[in-house]
Amino acid sequence: MQRQVIDAVERYVAGAFPMDDPDFQHEPLPWYTAPKRAVFPLDEAFRAGLSRRLRRDLRRCERHTLHVDGDYAAVLELCAEPPAGEGMWITPRLASLYRNLHAAGFAHSFELRAPDGTLSAGILGIVIGRAAMLESMRRTQPSAGNALLARTLDLLAERGATLCDIQLPTDHTARLGCELLSHDAYVQRLQEALSPQGILDDHGFDA
1 MQRQVIDAVE
11 RYVAGAFPMD
21 DPDFQHEPLP
31 WYTAPKRAVF
41 PLDEAFRAGL
51 SRRLRRDLRR
61 CERHTLHVDG
71 DYAAVLELCA
81 EPPAGEGMWI
91 TPRLASLYRN
101 LHAAGFAHSF
111 ELRAPDGTLS
121 AGILGIVIGR
131 AAMLESMRRT
141 QPSAGNALLA
151 RTLDLLAERG
161 ATLCDIQLPT
171 DHTARLGCEL
181 LSHDAYVQRL
191 QEALSPQGIL
201 DDHGFDA
């Protein structure tokens, strides 16, 4: 396994996450911790409530299908393109790290596809043991992002995940009910979620 991948996994296990800046490429890739870490609960009651809140989005996308690692490269490209008015943080060197983590079995794409196979929304995630770190999400069609999030949380719960980390809260994720953990509480939850057997170890799993 590449030293770069080993170093990255060690940083994730310690509770850090990467976020790059194209203006500082001469410096090492920055990793961050946060005093308050945002997570989505995975218990059945929370997921049922989320599905009720997002029922219109789920209904509009009911014919869409959920896939894991169907086209990781396409999801990485989609997520690397910053929304209008926002700066890029998935720089080429961070994208290269994600590709290496994917090749090593740690990075995954969660994809919502329309009936014709078109990618409607994608999530980049890191999965280590039973901990899932959702790094970035982008959509190409209305309602698809919310539908993908709800279905991805269901999938993670079904596969035995016990932690779903989204790093930093946004107004949108706060409205959806994300919880904030102190750094110490997050690290404790993370350590409890780490296990030798990961939830997506059987490559090619298709939801």
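Residue numbers (the numbering used here): 1 to 207. Beta carbons: idealized from backbone N, C-alpha and C, even for Gly.
> Less than 8 Å separating the beta-carbons of residue 181 and residue 189?
Replying inline: yes
> In whole angstroms, what is the alpha-carbon distance linking residue 111 and residue 105?
Replying inline: 17 Å
> What are the boundary residues of the beta strand (DSSP E) that includes residue 110?
Replying inline: 107–113
>> Can you tell me whether residue 172 is buried or exposed? The criterion is at least 16 other CB atoms within 10 Å of its CB, across all chains shown.
In response: Exposed: under 16 other Cβ atoms inside 10 Å.
> Would you call the CB atoms of residue 214 and residue 34 closer than 8 Å?
Replying inline: Outside the modelled stretch of the chain, which goes from 1 to 207, sits residue 214, for which no answer is possible.
>> For residue 25, report the span of its beta strand (DSSP E) as first-last.
In response: Element bounds for residue 25: n/a, residue is neither H nor E.
>> Looking only at its chain, what residues have a beta carbon closer than 6 Å to the beta carbon of residue 50, apart from the 5 residues adjacent to it on each side?
In response: So the qualifying residues of the chain are 150.
> Below 8 Å between beta carbons: does that hold for residue 194 and residue 131?
Replying inline: yes
> Does the count of Cβ pairs from the segment 88–98 and the segment 18–33 closer than 8 Å reach three?
Replying inline: yes
> Taking only runs of the alpha helix (DSSP H) that begin and end inside the segment 112–199, which ones reach a length of at least 4 residues, in chain order?
Replying inline: 144–158, 171–176, 183–193
> With burial defined as no fewer than 16 other Cβ atoms inside 10 Å of the residue's Cβ, what is the status of residue 90: buried or exposed?
Replying inline: Residue 90 sits buried, since 16 or more C-beta atoms from the chains shown fall within 10 Å of its C-beta.
> When the Cα atoms are used, what is the spatial distance from residue 123 to residue 152?
Replying inline: 9 Å
>> In whole angstroms, give me the CA-to-CA distance for residue 64 and residue 117.
In response: 9 Å
> Grouping DSSP H, G and I as helix and E and B as strand, with all else coil, what is residue 63?
Replying inline: coil
> Relative to the C-alpha of residue 23, which residue among 139, 87, 69 is closest?
Replying inline: 87
> What's the C-alpha gap between residue 60 and residue 114?
Replying inline: 11 Å
> Among 17, 8, 72, 47, which one has its Cα closest to the Cα of residue 176?
Replying inline: 47
>> Going by DSSP in three states, residue 103 sits in which element: helix, strand or coil?
In response: helix
> Among 11, 136, 67, which residue has its Cα nearest to the Cα of residue 79?
Replying inline: 136
> Would you report the Cα separation of residue 55 and residue 191, rounded to the nearest angstrom?
Replying inline: 33 Å
>> Does residue 92 come out as helix, strand or coil in the three-state DSSP assignment?
In response: helix
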